[in-house]
Amino acid sequence: MTTPALLPLSGRRLPPLNLGASSFPHHRATLRLSEKFILLLILSAFITLCFGAFFFLPDSSKHKRFDLGLEDVLIPHVDTSKGGKNLGGFLIHGQGHDEHRHREEEERLRNKIRADHEKALEEAKEKLKKSRDEIQAEIQTEKNKVVQELKKKDSKPLPPVPLPNLVGINSGEPADPDIRERRNKIKEMMKHAWDNYRQYGWGHNELKPIARKGHSTNIFGNSQMGATIVDALDTLYIMGLHDEFREGQEWIDKNLDFSVNSEVSVFEVNIRFIGGLLAAYYLSGQEVFKIKAVQLAGKLLPAFNTPTGIPWAMVNLKSGVGRNWGWASAGSSILAEFGTLHMEFVHLSYLTGDPVYYNKVMHIRKLLQKMDRPNGLYPNYLNPRTGRWGQHHTSVGGLGDSFYEYLLKAWLMSDKTDTEARKMYDDAIEAIEKHLIRKSNGGLTFIGEWKNGHLERKMGHLTCFAGGMFALGADGSRDDKAGHYLQLGAEIAHTCHESYDRTTLKLGPEAFKFDGGVEAVAVRQNEKYYILRPEVIETYWYMWRFTHDPKYRQWGWEAAQAIDKYCRVSGGFSGVKDVYSSSPTYDDVQQSFFLAETLKYLYLLFSNDDLLPLDNWVFNTEAHPLPVLHLANTTLSGNPAYR
Numbered sequence: 001m002t003t004p005a006l007l008p009l010s011g012r013r014l015p016p017l018n019l020g021a022s023s024f025p026h027h028r029a030t031l032r033l034s035e036k037f038i039l040l041l042i043l044s045a046f047i048t049l050c051f052g053a054f055f056f057l058p059d060s061s062k063h064k065r066f067d068l069g070l071e072d073v074l075i076p077h078v079d080t081s082k083g084g085k086n087l088g089g090f091l092i093h094g095q096g097h098d099e100h101r102h103r104e105e106e107e108r109l110r111n112k113i114r115a116d117h118e119k120a121l122e123e124a125k126e127k128l129k130k131s132r133d134e135i136q137a138e139i140q141t142e143k144n145k146v147v148q149e150l151k152k153k154d155s156k157p158l159p160p161v162p163l164p165n166l167v168g169i170n171s172g173e174p175a176d177p178d179i180r181e182r183r184n185k186i187k188e189m190m191k192h193a194w195d196n197y198r199q200y201g202w203g204h205n206e207l208k209p210i211a212r213k214g215h216s217t218n219i220f221g222n223s224q225m226g227a228t229i230v231d232a233l234d235t236l237y238i239m240g241l242h243d244e245f246r247e248g249q250e251w252i253d254k255n256l257d258f259s260v261n262s263e264v265s266v267f268e269v270n271i272r273f274i275g276g277l278l279a280a281y282y283l284s285g286q287e288v289f290k291i292k293a294v295q296l297a298g299k300l301l302p303a304f305n306t307p308t309g310i311p312w313a314m315v316n317l318k319s320g321v322g323r324n325w326g327w328a329s330a331g332s333s334i335l336a337e338f339g340t341l342h343m344e345f346v347h348l349s350y351l352t353g354d355p356v357y358y359n360k361v362m363h364i365r366k367l368l369q370k371m372d373r374p375n376g377l378y379p380n381y382l383n384p385r386t387g388r389w390g391q392h393h394t395s396v397g398g399l400g401d402s403f404y405e406y407l408l409k410a411w412l413m414s415d416k417t418d419t420e421a422r423k424m425y426d427d428a429i430e431a432i433e434k435h436l437i438r439k440s441n442g443g444l445t446f447i448g449e450w451k452n453g454h455l456e457r458k459m460g461h462l463t464c465f466a467g468g469m470f471a472l473g474a475d476g477s478r479d480d481k482a483g484h485y486l487q488l489g490a491e492i493a494h495t496c497h498e499s500y501d502r503t504t505l506k507l508g509p510e511a512f513k514f515d516g517g518v519e520a521v522a523v524r525q526n527e528k529y530y531i532l533r534p535e536v537i538e539t540y541w542y543m544w545r546f547t548h549d550p551k552y553r554q555w556g557w558e559a560a561q562a563i564d565k566y567c568r569v570s571g572g573f574s575g576v577k578d579v580y581s582s583s584p585t586y587d588d589v590q591q592s593f594f595l596a597e598t599l600k601y602l603y604l605l606f607s608n609d610d611l612l613p614l615d616n617w618v619f620n621t622e623a624h625p626l627p628v629l630h631l632a633n634t635t636l637s638g639n640p641a642y643r
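For the sequence shown, position 249 (counting from the first letter as 1) is numbered 249 according to full-length UniProt numbering, and the numbering increases by one without interruption.
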């Protein structure tokens, strides 16, 4: 059995890219002997030209260049013969005196130009006497100076901003001893995942727990950016694993560098890195996380330099050059990628006082509002050059998912003042319910995918997050439909639980069908894998928070036990390739989102509601908690981003 050539990560199916060092040739300075003489001649001719030009300029030109503020002026003359009180006319001042000053000035400048000319020639001769290695060393020294200056510039202190009122960042200890034991088990699983990453993959983006070495994918480019460290920080913090948190903080402070020649996914870096750093800052108050988040955000801004302002999918952190995935509908940008920036960018504007981030995401929103939507649905692809939709494929799973999530969460994060976002969410959900949500013959509610006028009766694991989204958005629904959407969330949670329960391992497949007699079961071999995904457990947690029905804790515990039994290896946790096989093979990847999301949602499921209460915190799509910004608050109303 072969593994799928490409495993989707946070909602994305990405083709492999060759981003090795050979993709970025290093141009070396090579100066042959003949080139040295040519360079010397050009330099000498240029300086001589500048020197000579001075003497052939017309006199009026010289005077204009050197007489600024010194031309003849009329000065009022006081007639003192009548007591010194009357103005007796004007005196002409400065004519003969200034002509003498002009000659002195010209002579001084001639001497200076001669001296500069001779000095430049001498320096050029000295440079060209040096070997190629010496010249390269000097070039490298100058480059290093520039880099250091840029780092100093990046590290300038940010303006002090009052932290929002932070509630519920500790404790959540349940009184029930059985629930407390389960919570402690999740904490132990986190410790196992972190300790092995610390030992075998430290500094790498992810871990190969069986090979016991670092791992990375093309979404992070070709650099070791410590994705697992950044992604795991807030989980470590809320679990009280403060020694591990400090290890991560120290690595970030000393090693996390964004001035690398590396092409990264704007979406993935935003939700994992910027989201993770901001959450770590809000939880701990450590300035280093805020500073790093702002530095990275500046590196992502060039991705927005498109004719429409819709960002490219990828950007080179060093050059700022952006492009889109080759497979994405004729060079289109992806809805779930450019539509999943709002939460993080609003917080960046809040923390820096710079409205540029807020303006970027609001521009995207305004553009989308103007566009026609087929059947009220948002297609997954939009061309950033033309501003037109790509193929008419709509999904609440991969390629579309978190766009809808961020409309709702923009409203929640604004303390429910961003009514524009709420309206866009409500409109979108009505269209989704009308065209995509169906009930199977066996009574299971599912969300299909719209492809060119046809509904595909297939649901992805990624789509299972929507149960939690419907529950989260129930309060504030149109036409008093809160009860309806809470029930819809419960039905989606039930369907997704069935997708787990109908497998051998009690872990859900990547996608499952509702055709004929097949319901909530994967049919194709390349859809039978489980890569430690969080979406089903995420929905269990939201449903628990809003209903306190004990079945959600029970379902979550079943999933935790299955992960511990079938995905745990001595070197960490690994995904499995076939959830219907009693002896599955491993994919040998410990995803960073397993620590950021899956284990965090499990821990919260077995914690009291006073840990990160939903009235005060909104979770980004990578489960990084960001505080609600009470914009009516006087500490925020003066912020230019919100005027």
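Backbone N, C-alpha and C fix where the C-beta goes; we use that ideal spot for every residue, glycine too.
Of the residues the options, the one placed nearest residue i, counting alpha carbons only
| i | options | result |
| --- | --- | --- |
| Ser375 | Leu602, Pro384, Thr308 and Trp450 | Going by the sequence as given, residue 375 is Asn instead of Ser. The residue with the shortest Cα to Cα distance from Asn375 is Trp450. |
| Asp234 | Lys366, Phe245, Met225 and Tyr381 | Phe245 |
| Leu163 | Gln286, Gly214, Leu407 and Arg132 | Gln286 |
| Glu430 | Tyr404, Pro157 and Lys318 | Tyr404 |
| Phe338 | Asp564, Val356 and Gly400 | Gly400 |
| Asp253 | Lys290, Ser333 and Glu263 | Lys290 |
| Thr598 | Glu134, Glu420, Gly556 and Asn616 | Gly556 |
| Ala490 | Gly468, Leu335, Asp501 and Phe345 | Gly468 |
| Pro159 | Tyr350, Ala428 and Phe470 | Tyr350 |
| Asp578 | Ala559, Lys528 and Phe593 | Lys528 |
| Ile559 | Ile113, Lys318, Ile186 and Gly390 | The displayed chain sequence assigns Ala, not Ile, to residue 559. Of the listed residues, the one whose Cα sits closest to Ala559 is Ile186. |
| Phe267 | Ser329, Phe304 and Val288 | Phe304 |
| Thr386 | Gly309, Val321, Ala336 and Asn452 | Gly309 |
| Asn526 | Val576, Asn616 and Gln561 | Val576 |
| His435 | Thr419, Leu241, Arg457 and Lys506 | Arg457 |
DSSP state of residue i mapped onto helix, strand, coil
| i | result |
| --- | --- |
| Gly460 | strand |
| Ser349 | helix |
| Ser60 | Only weak support exists for where Ser60 lies, its pLDDT of 41 falling under 50; the value from the coordinates is given anyway. Looking at Ser60 - three-state DSSP - the assignment turns out to be helix. |
| Thr386 | coil |
| Val523 | coil |
| Val161 | coil |
| Tyr580 | coil |
| Ser592 | helix |
| Val288 | helix |
| Leu6 | Interpretation of Leu6 is limited by its pLDDT of 38, a score under 50 that renders its predicted location unreliable; the figure taken from the coordinates is listed afterwards. Looking at Leu6 - three-state DSSP - the assignment turns out to be coil, as it is neither helix nor strand. |
| Pro174 | coil |
Same chain, Cβ closer than 6 Å to residue i, neighbours up to 5 away in sequence not counted
| i | result |
| --- | --- |
| Ile169 | Leu283 |
| Gly397 | Gly460, Leu462 and Thr463 |
| Arg180 | Pro174 |
| Gly572 | Ala193, Asn196, Leu207, Pro209 and Gln590 |
| His342 | Val361, Tyr406 and Ala410 |
| Gly473 | Leu408 |
| Phe470 | Tyr485, Leu488 and Gly489 |
| Ala623 | Ala596, Glu597 and Lys600 |
Residue range of the alpha helix (DSSP H) that includes residue i
| i | result |
| --- | --- |
| Trp411 | Asp401 to Met413 |
| Met362 | Val356 to Lys370 |
| Ala482 | Ala482 to Asp501 |
| Ser395 | Run containing Ser395: none; DSSP gives neither H nor E here. |
| Leu472 | Ala466 to Leu472 |
Residue i beta carbon near the ligand ZN (any heavy atom closer than 7 Å)
| i | result |
| --- | --- |
| Thr598 | Of ligands this structure carries none, so the ligand ZN is not represented either. |
Residues of its chain near residue i, where Cβ-Cβ distance is below 7 Å and the 5 sequence neighbours each way are ignored
| i | result |
| --- | --- |
| Ala211 | Asp588 |
| Ser574 | Pro209, Ile210, Cys567, Tyr586, Asp587, Asp588, Val589 and Gln590 |
| Pro177 | none |
N- and C-terminal bounds of the beta strand (DSSP E) containing residue i
| i | result |
| --- | --- |
| Thr445 | Thr445 to Ile447 |
| Arg438 | Ile437 to Lys439 |
| His215 | Lys213 to His215 |
| Leu377 | Neither: Leu377 is in no beta strand (DSSP E) and is coded neither H nor E. |
| Trp617 | Trp617 to Phe619 |
| Ser265 | Glu263 to Ser265 |
| Met314 | Met314 to Asn316 |
| Phe514 | Ala511 to Asp515 |
| Leu599 | Careful: Leu599 lies outside any beta strand (DSSP E), inside the alpha helix (DSSP H) at Leu599 to Leu605. |
Is the number of C-beta pairs between the region 468-480 and the region 513-533 that are closer than 8 Å three or more?
no
Are there three or more Cβ pairs, one per stretch, closer than 8 Å when the region 183-201 is compared with the region 238-254?
Between the region 183-201 and the region 238-254, the count of C-beta pairs closer than 8 Å reaches three or more; the two stretches touch.
Tell me whether the region 598-605 and the region 540-559 touch, counting them as touching only if at least three CB pairs, one residue from each stretch, are closer than 8 Å.
Touching, yes.
Using 8 Å as the threshold, is the region 546-557 in touch with the region 504-521, meaning 3 or more CB pairs across them?
no
Does the structure place the region 617-629 close enough to the region 402-417 that three or more beta carbon pairs sit under 8 Å?
yes
For the region 357-377 and the region 419-430, state whether three or more C-beta atom pairs, one from each stretch, are separated by less than 8 Å.
Segments in contact, yes.
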